[in-house]
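Q: Let me give you the structure first, and then I'll get to my questions.
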Amino acid sequence: MAQTVFLNAQIIDPETKNVAPGGLLVERGVIAGRLPADAPAPNGAHVVDCAGKYLAPGIVDIGVQVCEPGERHKESYRSAGLAAAAGGVTTMVTRPDTLPAIDSPETLEFVTRRAKETAQVNVVPMAALTKGREGREMTEIGFLMDAGAIAFTDCDRVITDTKVFSRALTYARSLGALVIAHPQDPGLSKGSAATSGKFASLRGLPAVSPMAERMALDRDIALIEMTGAKYHADQITCARALPPLARAKANGLDITAGTSIHHLTLNALDVADYRTFFKLRPPLRDEEDRLAIVQAVADGLIDVVCSMHSPQDEESKRLPFEEAASGAVGLETLLPAAMRLVHAGLVDLPTLWRAMSFNPAKRLGLASGRISPGAPADLVVFDANAPFVLDRSTLSSKSRNTPFDGARMQGKVLQTYVNGACVYARD
Amino acid sequence: MTFAHRHLLGIEQLSATDITTLLDLADSYVDLNRQSHKHSDALAGLTQINMFFENSTRTQASFEIAGKRLGADVMNMAMQASSIKKGETLIDTAMTLNAMHPDLLVVRHPQSGAVDLLAQKVNCAVLNAGDGRHEHPTQALLDALTIRRAKGRLHRLSVAICGDIAHSRVARSNIMLLGKMENRIRLIGPPTLMPAGIAEFGVEVFDDMTQGLQDVDVVMMLRLQKERMDGGFIPSEREYYHRYGLDADKLAHARPDAIVMHPGPMNRGVEIDGTLADDINRSVIQDQVEMGVAVRMAAMDLLARNRSAAA
Chain A
154 MAQTVFLNAQ IIDPETKNVA PGGLLVERGV IAGRLPADAP APNGAHVVDC AGKYLAPGIV
214 DIGVQVCEPG ERHKESYRSA GLAAAAGGVT TMVTRPDTLP AIDSPETLEF VTRRAKETAQ
274 VNVVPMAALT KGREGREMTE IGFLMDAGAI AFTDCDRVIT DTKVFSRALT YARSLGALVI
334 AHPQDPGLSK GSAATSGKFA SLRGLPAVSP MAERMALDRD IALIEMTGAK YHADQITCAR
394 ALPPLARAKA NGLDITAGTS IHHLTLNALD VADYRTFFKL RPPLRDEEDR LAIVQAVADG
454 LIDVVCSMHS PQDEESKRLP FEEAASGAVG LETLLPAAMR LVHAGLVDLP TLWRAMSFNP
514 AKRLGLASGR ISPGAPADLV VFDANAPFVL DRSTLSSKSR NTPFDGARMQ GKVLQTYVNG
574 ACVYARD
Chain B
17 MTFAHRHLLG IEQLSATDIT TLLDLADSYV DLNRQSHKHS DALAGLTQIN MFFENSTRTQ
77 ASFEIAGKRL GADVMNMAMQ ASSIKKGETL IDTAMTLNAM HPDLLVVRHP QSGAVDLLAQ
137 KVNCAVLNAG DGRHEHPTQA LLDALTIRRA KGRLHRLSVA ICGDIAHSRV ARSNIMLLGK
197 MENRIRLIGP PTLMPAGIAE FGVEVFDDMT QGLQDVDVVM MLRLQKERMD GGFIPSEREY
257 YHRYGLDADK LAHARPDAIV MHPGPMNRGV EIDGTLADDI NRSVIQDQVE MGVAVRMAAM
317 DLLARNRSAA A
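Written out as structure tokens, the structure is:
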């Protein structure tokens with residue numbers, strides 16, 4: 154029973170870096186095997202005709218903020234789940250920067266229950282590395298792992314006390330826990346709202362040099378070398394941070410790095426006349442940095458591309474630029490925005506899917522992100538070329554702070570499957 | 017005379033022709049202001065609201081006098097003491113005032129871009145009286161009028177702007193205006209007070225005062241914005257005065273007929289020597305204040321004409 158066949162698809166296999174026509178057999182929510190493109194459907198199976206469109210593993214998005222507990226009016230597990238499904242994101246790896254922070258097994262159990270009850274995609278929670286994300290005392294990393302925490306992060310707060318951070322890294326290593334950090338020197342970046350340079354000076358915005366990112370990454374690399382911890386940098390956004398990252402990898406440290414789709418597709422000039430939907434943390438960079446980061450994704454130096462989904466309500470954004478909240482929603486726009494890189498010829502589809510699906514799943518020890526037998530049938534069917542103009546009022550998120558409002562995009566999600574069940578189908 | 021703008025938000029949006037139009041009209045208001053009967057009815061029946069979210073004495077007084085001389089009904093709102101303290105957002109405040117049908121809204125705000133944001137939400141003409149470290153267009157225009165009257169022209173002059181460039185909206189507006197009018201601009205100050213990427217603005221940058229002042233026609237001093245410093249930009253006031261304060265010795269490197277300007281209020285003995293500031297042969301600081309009223313009359317007059325033409 155419960156067989157589904159996907160026929161007539163272009164299958165993206167990020168594991169083998171291959172795109173080929175074919176079909177896929179799914180049994181009981183698990184991928185059972187590949188089929189020839191023109192294979193006959195088995196009797197009684199549910200048939201999905203992909204009509205020549207792409208079929209790929211669903212996106213595994215590291216760093217999604219769902220505002221439960223505390224600010225459910227900005228985003229709930231239900232609304233985030235809908236947005237994820239519509240965006241081809243089959244696994245949301247959620248952030249602990251809620252109110253209060255997810256820093257105890259009890260709060261973690263609360264969000265796990267909420268997610269199970271209301272979200273239609275997989276939710277894998279991360280927990281805070283220090284209590285209250287205050288950078289002073291480590292959380293109960295062991296208990297939190299038992300409760301299902303997949304990684305530990307204080308999100309955009311940097312642990313300034315290197316003694317606290319090194320002990321947390323050492324303790325995390327003993328449990329094999331992944332620590333995710335936000336490399337941004339807190340002193341240099343204090344009070345900044347933009348990347349320093351001609352544009353920030355013209356607009357009179359307090360700004361930070363991208364060197365703040367390099368400095369913090371250098372510090373973290375030294376601490377990983379010292380402690381042997383398993384480390385992931387959440388967002389690498391500037392060219393200057395790439396050589397130390399490459400060296401750390403070459404030296405065999407257990408380090409990976411991500412970047413956000415916004416830093417891959419937008420630059421500092423997009424802020425234009427103080428458009429607060431373009432206010433991000435770290436701030437958008439110059440075009441040279443953007444291109445260097447795109448190249449690093451193409452080369453595989455940067456392992457992960459994520460949406461860094463950060464819902465903010467209108468009130469938090471309708472303020473003077475310096476006062477306005479940082480962050481943008483991205484679950485639903487990640488795939489079409491990423492297709493810009495493909496259409497521009499900068500990144501090929503299998504490489505992109507390694508960064509959006511295979512690598513994040515592998516880094517977190519999840520079975521998804523692959524299209525081979527035994528992997529969960531978390532799948533997305535999409536049309537890479539379908540053009541549209543994004544209207545933010547159509548987004549499923551409760552918050553609609555997208556920088557892509559009114560943008561011309563290409564790439565539409567047609568269907569999304571989680572464990573073999575259809576959770577989204579474009580009508 | 018055409019001036020196709022709804023608001024005066026910055027120099028960035030103005031063309032050289034716009035600037036000349038505005039200064040020409042301001043010249044006529046200088047004449048009016050020097051008569052014993054200083055009144056016109058250009059803004060009769062119109063309502064002008066001055067919203068200052070940041071303390072100001074001279075700019076607010078200048079806008080108030082300018083409005084009153086043109087016959088507008090002028091109201092001052094001290095925003096620091098008002099509802100903004102009760103948690104009302106800038107946009108709500110703007111919408112509330114907008115419902116009272118003002119014609120001209122003069123706004124100063126401590127954050128860059130706040131006046132642009134407010135202008136998007138109201139129906140009346142908005143004049144930027146200074147937003148954060150972004151722009152202060154009427155200051156640049158009054159400086160331009162002062163220079164034009166003192167030097168007889170507003171092009172091909174060598175102008176030095178000295179001091180705290182990083183935190184100065186006056187510097188930004190002046191760099192833009194003087195650049196559009198095709199002057200040579202030199203910026204002088206300690207590197208800690210120089211914004212990043214400033215060399216790309218088509219200016220020359222100096223950290224040595226005597227080199228920077230060499231043969232300039234105009235010396236513009238900036239106020240050392242002590243209240244903006246969160247610490248550590250300069251070692252001390254006295255070292256700053258020694259290296260960057262304008263005195264007769266440093267001024268001797270400029271052209272013999274160079275004029276000295278300051279937007280006020282001055283810190284005597286910090287960025288400028290008191291005697292020099294009062295020297296009527298060199299300092300045009302009092303002229304700047306006088307030109308301020310005329311320039312603001314001209315700006316409000318032009319914006320009001322556009323409103324009545326559109327109505």
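Line by line, the protein sequences are chains A and B. Quick note: to get the working numbering, add 153 to the position in the first sequence (first position is 1). Quick note: to get the working numbering, add 16 to the position in the second sequence (first position is 1). Glycine included, every Cβ here is placed at the ideal spot set by N, Cα and C. This one's a predicted model, so the numbers in the text were calculated from it and none came from an experiment.
What residues in the stretch 355 to 377 of chain A have a beta carbon less than 9 Å from any beta carbon of chain B?
A: Against chain B - using a Cβ distance shorter than 9 Å - the residues of the stretch 355 to 377 of chain A are L355, R356, G357, L358, P359, A360 and S362.
Q: Closer than 8 Å by C-beta to S232/A: which residues in its own chain qualify, once you throw out the five before and the five after it? Chain order, please.
A: Closer than 8 Å at the Cβ level, and outside the excluded window around S232/A, lie S549, S550 and K551.
Q: Is any beta-carbon of chain B found at less than 9 Å from that of P591/A?
A: The displayed coordinates of chain A run from 154 to 580. Any statement about residue 591/A would go beyond what the structure contains.
Q: At a Cβ threshold of 9 Å, is S31/B touching chain A?
A: By this cut-off, S31/B is not an interface position.
Q: Can you list, in chain order, the residues of its chain with a C-beta nearer than 7 Å to that of D202/A? Leave out the 5 residues immediately preceding and following it.
A: Within the same chain, D202/A has close Cβ partners L160 and N161.
Q: Would you report the Cα separation of A325/B and A110/B, rounded to the nearest angstrom?
A: Cα to Cα, A325/B sits roughly 24 Å from A110/B.
Q: Please return the same chain residues whose Cβ sits closer than 6 Å to the Cβ of E180/A, not counting the five positions on each side in sequence.
A: Answer for E180/A: Q156, listed in chain order.
Q: At which residues does the beta strand (DSSP E) containing I184/A begin and terminate?
A: Here the beta strand (DSSP E) through I184/A covers V183 to L188.
Q: Nearest chain A C-beta to S72/B closer than 9 Å, yes or no?
A: Not one chain A Cβ lies under 9 Å of S72/B.
Q: By how many angstroms is the C-alpha of P258/A removed from the C-alpha of E293/A?
A: Approximately 8 Å between the Cα atoms of the pair.
Q: Would you kindly report the start and end of the unbroken alpha helix (DSSP H) that includes D442/A?
A: Element bounds for D442/A: E440 to D452.
Q: From what residue to what residue does the alpha helix (DSSP H) around F430/A run?
A: It is not in any alpha helix (DSSP H) - F430/A carries neither H nor E in the DSSP assignment.
Q: Determine the chain A residues that contact T105/B at a beta-carbon separation under 8 Å, and present them in chain order.
A: Under the 8 Å cutoff, chain A gives E468, R471 and L472.
Q: According to DSSP, what are the bridge partners of Y260/B?
A: Beta-bridge pairing links Y260/B to no other residue.
Q: Could you check which residue in A508/A, V500/A, T486/A and G527/A has the C-alpha nearest to that of P540/A?
A: Comparing Cα positions, the closest option is T486/A.
Q: 9 Å is my cut-off, CB to CB: does E220/B come that close to chain A?
A: Output row for E220/B: interface = no.
Q: Taking N144/B and G26/B to be in contact with their CB atoms under 8 Å, please state how far apart those CB atoms are, rounded to whole angstroms.
A: Going by Cβ atoms, the distance from N144/B to G26/B rounds to 6 Å, so yes, they are a contact pair.
Q: Would you call the stretch 522 to 536 of chain A in contact with the stretch 192 to 208 of chain A, where contact means no fewer than 3 C-beta pairs closer than 8 Å?
A: A contact exists between the stretch 522 to 536 of chain A and the stretch 192 to 208 of chain A.
Q: Return no unless some Cβ of chain A is closer than 9 Å to the Cβ of L157/B.
A: False, the Cβ-Cβ gap to chain A never drops below 9 Å.
Q: Kindly list the residues whose CB is nearer than 7 Å to the CB of Q76/B, restricted to its own chain and excluding five residues on each side of it in sequence; keep chain order.
A: For Q76/B, where only same-chain residues beyond five positions count, the Cβ hits under 7 Å are N66, F68 and N92.
Q: Mind checking T169/A: buried by the 16 CB within 10 Å criterion, or exposed?
A: T169/A comes out exposed.
Q: Is there a Cβ from chain A that is less than 9 Å from the Cβ of L24/B?
A: Not one chain A Cβ lies under 9 Å of L24/B.
Q: Looking at the secondary structure, which residues open and close the alpha helix (DSSP H) in which T105/B lies?
A: Where T105/B is concerned, there is no enclosing alpha helix (DSSP H), given that its DSSP letter is neither H nor E.
Q: Give me the DSSP bridge partner(s) of H125/B.
A: Paired residues: D147/B.
Q: Using the Cα positions of H150/B and S463/A, report the straight-line distance between them to the nearest angstrom.
A: One C-alpha to the other measures close to 28 Å.
Q: Hey, could you find the ends of the beta strand (DSSP E) I35/B is sitting in?
A: Here I35/B belongs to no beta strand (DSSP E); instead the alpha helix (DSSP H) covers A32 to N49.
Q: Leaving out five residues on either side along the sequence, give the residues of the same chain with a beta carbon under 8 Å from the beta carbon of V277/A.
A: Contacts found: T244, M245, V246, T247, G301, I303, L517 and L519.
Q: Name the chain A residues that come within less than 7 Å of D132/B, Cβ to Cβ?
A: Residues of chain A passing the Cβ test: D426 and Y427.
Q: Give a yes or no on whether the C-beta atoms belonging to L170/B and R312/B are separated by under 9 Å.
A: Cβ atoms of L170/B and R312/B: not closer than 9 Å.
Q: Out of I163/B, S78/B, M116/B and G285/B, point me to the one whose CA is closest to M197/B's CA.
A: Here the closest residue by C-alpha is I163/B.
Q: Does F352/A get closer than 9 Å to chain B when you measure Cβ to Cβ?
A: Yes, its Cβ sits closer than 9 Å to a Cβ of chain B.
Q: Which of helix, strand or coil does DSSP assign to V286/B?
A: Of the three classes helix, strand and coil, the one that applies to V286/B here is coil, per DSSP.
Q: What residues in its chain sit with their C-beta under 7 Å from that of N139/B, if we drop five residues either side in the sequence?
A: Once the five neighbours on either side are set aside, the close Cβ partners of N139/B are N114.
Q: Where do the N-terminal and C-terminal ends of the beta strand (DSSP E) with L484/A fall, by residue?
A: From DSSP, L484/A is part of no beta strand (DSSP E); its letter is neither H nor E.
Q: Could you give the DSSP three-state label for E475/A: helix, strand or coil?
A: In this structure, E475/A counts as coil in the three-state DSSP scheme.
Q: For the candidate residues D89/B, T73/B and A130/B, whose alpha-carbon lies nearest to that of P473/A?
A: Of the listed residues, the one whose Cα sits closest to P473/A is A130/B.
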